[in-house]
Structure formats: structure tokens, C-alpha cells
Amino acid sequence: MREYWHARGLTWVRNQKRLDMMLAPLGEAAIARLHPNPGEVVLDVGCGTGTTAIELARLVGSTGRVTGIDFSSPMITEAQQRVVAAGLSNVDFVTADASNHPFKPHYYDAVFSRMGVMFFTEPVVGFTNLRRAMRAGGRLSFVCWRAADHNSWTTEPLQALAEVLGTVDPVMPGVPGTFALADADHIISILTTAGLMNIDITSHKLPLNLGQGTTDEFVSYYLDMLGGAYIPQNVEIRVLGRIKAALAAMVERKRTAEGITMGGAVWLVSARA
Numbered sequence: 192m193r194e195y196w197h198a199r200g201l202t203w204v205r206n207q208k209r210l211d212m213m214l215a216p217l218g219e220a221a222i223a224r225l226h227p228n229p230g231e232v233v234l235d236v237g238c239g240t241g242t243t244a245i246e247l248a249r250l251v252g253s254t255g256r257v258t259g260i261d262f263s264s265p266m267i268t269e270a271q272q273r274v275v276a277a278g279l280s281n282v283d284f285v286t287a288d289a290s291n292h293p294f295k296p297h298y299y300d301a302v303f304s305r306m307g308v309m310f311f312t313e314p315v316v317g318f319t320n321l322r323r324a325m326r327a328g329g330r331l332s333f334v335c336w337r338a339a340d341h342n343s344w345t346t347e348p349l350q351a352l353a354e355v356l357g358t359v360d361p362v363m364p365g366v367p368g369t370f371a372l373a374d375a376d377h378i379i380s381i382l383t384t385a386g387l388m389n390i391d392i393t394s395h396k397l398p399l400n401l402g403q404g405t406t407d408e409f410v411s412y413y414l415d416m417l418g419g420a421y422i423p424q425n426v427e428i429r430v431l432g433r434i435k436a437a438l439a440a441m442v443e444r445k446r447t448a449e450g451i452t453m454g455g456a457v458w459l460v461s462a463r464a
């Protein structure tokens, strides 16, 4: 597992700027619901390369504190470097699994996550661990993907691969991974069992912009992001050429004046300890 997250982390670090552009409005929406206050202590779960931890640190100010936690050491290293570059001293990072990390009990005023809580092997155990780390009445706010068929940012590239490979692995809701929390009733069940209260789930749809770039740049991006999971390592050169052509055609279909734009749909979830 650690080797997997190390490899995935390196991929996400390489593509950090494009991923942050796509995910920025989702993180902003979840942070707005959290409403961090100056002086608060906040935990950022699945903090990745530190973008949301940096924003949270600015909002809680010098009297507050933010801890970012992620299982991927390459992403934590990148996050630490970015915090230093930002000149912030109120952020620290932990390389660990948030679902079982021994947090200080009843310590955090708020817990936040941008696409970081869908990977718990045992979601109830994970959210129970987070709830125990929160002060009484502490706030939880996270954003997670709705079902894949509402998210063309993932279905369109996979359909392009399927044109060549015939099939791609199905994206299954309810299992650890990108769409583990795609079902709202499933989320409510998990959070309730974990002891969280005042649960609110709001659907949010929006276009996701991956920015500008040449077709070749985007094809390379998709090959990097999808390669380990969907494209065989020993794929023949002629087949790889067909994959590149299919991805290029998909990219051009999604090109707008603002850049490559895909559809996205998420759940904005909030609760209290």
C-alpha cells in the first residue's frame, strides 16, 4: 500500500498545477462551508501537495494552526516546500493514514478534506478516528465526488481508452477510491455510525477547467494520470499510438476558450462532533 501511494504521489506532484486548477473551486466551496475563524486549530485530511492547507493557514491566521495529513510522502515533501515558499509558520504536516493515526483527542476545532476521505479502507473507523480528534461541537467539512456518470472529467478519458482497449476497469462506488462516497445515503450512514451529528449534504455541479495547453501536453497528462491503473505497462507501440490518437480527439472535443473543460459533480458534506 505504501509503495502504491508513493508512486501515485509522484504522479500527482508532477501534475500538481493542473490538478489544483481543476479542484480549486471544489476546495473553495468546502472551505466556505467550514468557515475557518482566526485562532482556530484545523486538520486537513488528505492534504496532498498543500494547497488547501496553505489557504486554511491564511484564514486562521498567526494565532491559529493547521495540520495537514497524507499517506503519500512525495506529496507531503512537496507541501512542506510550498509552505516554506509561502512564508507560513503555522502549518505542519504528518505522513500517515488519517483513519488510524493517534491524533490528540478533542483537539481540533475543525476538520477539512478536499477529496481525501474516499480512500479509507474502513470508512466508519476512519471517521470515528476523526470525530475523536475534534472538540465537542467541532466542525467537519469535506467535498467528495458524486457517481462517475455525473463526472465527465473521468468518464471521457476512460471512454477514449475503451475505444482502443475494448474495456476499462469499472469505477465502483462504495469501495475505497475516487467514488467510494458517491452515494449520499451511504455517507449519512457512515457519519452517523461514526458518531457525527447535524449532517448536511448538498449536491454541487460545475464545469472543471484543466487550463490551457497543447493537445500533446494534455495527452501526456492523461497518459501519466491513467497509465498505472488503466494502460498495460507492456502495451504495444502501435496500440499506444491509437490510445494517444483517441485521447487527442477527446481533448479537442473538450477545448473551450478557457481551456480544456469537463463536467464535474460533487457532494459538499458538513457535520459536527
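Numbering (our numbering), first residue to last: 192 to 464. For every residue, glycine included, the Cβ atom is placed at its ideal position computed from N, Cα and C. Nothing here was measured: the structure is a model prediction, and the numbers come from that model.
Spatial neighbours of residue i in its chain, beta-carbon cut-off 6 Å, leaving aside the 5 residues before and after
i, result
"I267", "D261, F284, T286"
"Y413", "P348, L438"
"L234", "T258, Y299, V302"
"G307", "V236, G237"
"Q207", "T240"
"C335", "M309, L372, W458"
"L399", "M213, W344, M453, G455"
"G404", "none"
"G432", "none"
"L250", "P227"
"V355", "R433, I434, A437"
"H297", "R326"
"R322", "A385, G386, L387, A464"
Cutoff 8 Å; reference residue i; Cβ partners in own chain excluding five residues on either side
i, result
"I379", "I390, I392"
"D340", "T346"
"G328", "R463, A464"
"D415", "T202, R205, N206"
"P216", "L397, L399"
Exposed unless 16 or more other CB atoms sit within 10 angstroms - verdict on residue i
i, result
"P314", "buried"
"N291", "exposed"
"S180", "The structure shown does not extend to residue 180, since the chain spans only 192 to 464, so no value can be given for it."
"G455", "buried"
"L417", "buried"
"V275", "exposed"
"N320", "buried"
"P367", "exposed"
"E449", "exposed"
"T447", "exposed"
"G200", "buried"
"N342", "buried"
"I222", "buried"
"A440", "exposed"
"A385", "buried"
"I434", "buried"
"R429", "exposed"
"R444", "exposed"
"G255", "buried"
"S280", "exposed"
"T243", "buried"
For residue i, three-class secondary structure by DSSP
i, result
"L331", "strand"
"G317", "helix"
"S380", "helix"
"L372", "coil"
"S461", "strand"
"S290", "coil"
"V204", "helix"
"S304", "strand"
"L446", "The question names Leu, but residue 446 is Arg in the sequence shown. Looking at R446 - three-state DSSP - the assignment turns out to be strand."
"T346", "helix"
"V359", "coil"
"A456", "strand"
"R337", "coil"
Anticipated Cβ contact below 8 Å, residue i with residue j, distance rounded
i, j, result
"L214", "R305", "6 Å"
"E269", "T240", "4 Å"
"G252", "G230", "7 Å"
"K295", "A248", "Not quite, the Cβ-Cβ distance comes to about 19 Å (not below 8 Å), so this is no contact."
"L352", "I451", "Between I451 and L352 the Cβ distance is about 17 Å, and since that is not below 8 Å, they are no contact."
"L382", "F333", "10 Å between Cβ atoms; not a contact."
"R209", "G402", "6 Å"
"F409", "V442", "4 Å"
Neighbourhood of residue i by C-beta distance below 7 Å, restricted to the same chain and skipping five residues each side
i, result
"D288", "F262"
"S264", "H197, G200, T286"
"V359", "L349, L352, A353, Y421"
"R224", "S332, L459, S461"
"Q271", "F284"
Please give me, in chain order, every unbroken run of the alpha helix (DSSP H) with length at least 4 that falls completely inside the region 207-278. 207-225, 242-251, 264-277
Would you list, in sequence order, the uninterrupted alpha helix (DSSP H) runs of no fewer than 4 residues that lie entirely inside the region 394-442? 406-421
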